[in-house]
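Visitor:
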Ligand SMILES: [Zn+2]
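Residue numbers (the numbering used here): 289 to 363.
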């Protein structure tokens, strides 16, 4: 296991963790502490998980720039 996973690794890990309800590993938490882009990814996953089916305008929305960064982080 790598000490510090890449943003791509983290986004894949977060996706799996959200699906399975598995707690985040230490290395992922450390990456999230250091990486704003991945914190945004986590926030977005949390929104999808908790806000599924609700009107998008009901919750906090991401700026266009944030969406762009999220998309880049997930590529
Ligand atoms: Zn990252």
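No residue lacks a Cβ here, since even glycine has one placed at the ideal position from N, Cα and C.
1. Helix, strand or coil for residue 294, going by three-state DSSP, please let me know.
2. Does the separation of the CB atoms of residue 318 and residue 326 fall below 7 Å?
3. Can you have a look at residue 293 and say buried or exposed, based on whether 16 or more other CB atoms are within 10 angstroms of its CB?
4. With 16 other CB atoms within 10 Å as the buried threshold, where does residue 299 fall?
5. Can you list, in chain order, the residues of its chain with a C-beta nearer than 7 Å to that of residue 312? Leave out the 5 residues immediately preceding and following it.
6. Near residue 302, what residues of its chain come up, given a Cβ to Cβ distance below 8 Å and the 5 sequence neighbours on each side ignored?
7. Do you know offhand how far residue 361's Cα is from residue 307's?
Guide: On the basis of the data shown:
1. coil
2. no
3. buried
4. buried
5. 305
6. 312, 316, 326, 329, 330, 333
7. 19 Å
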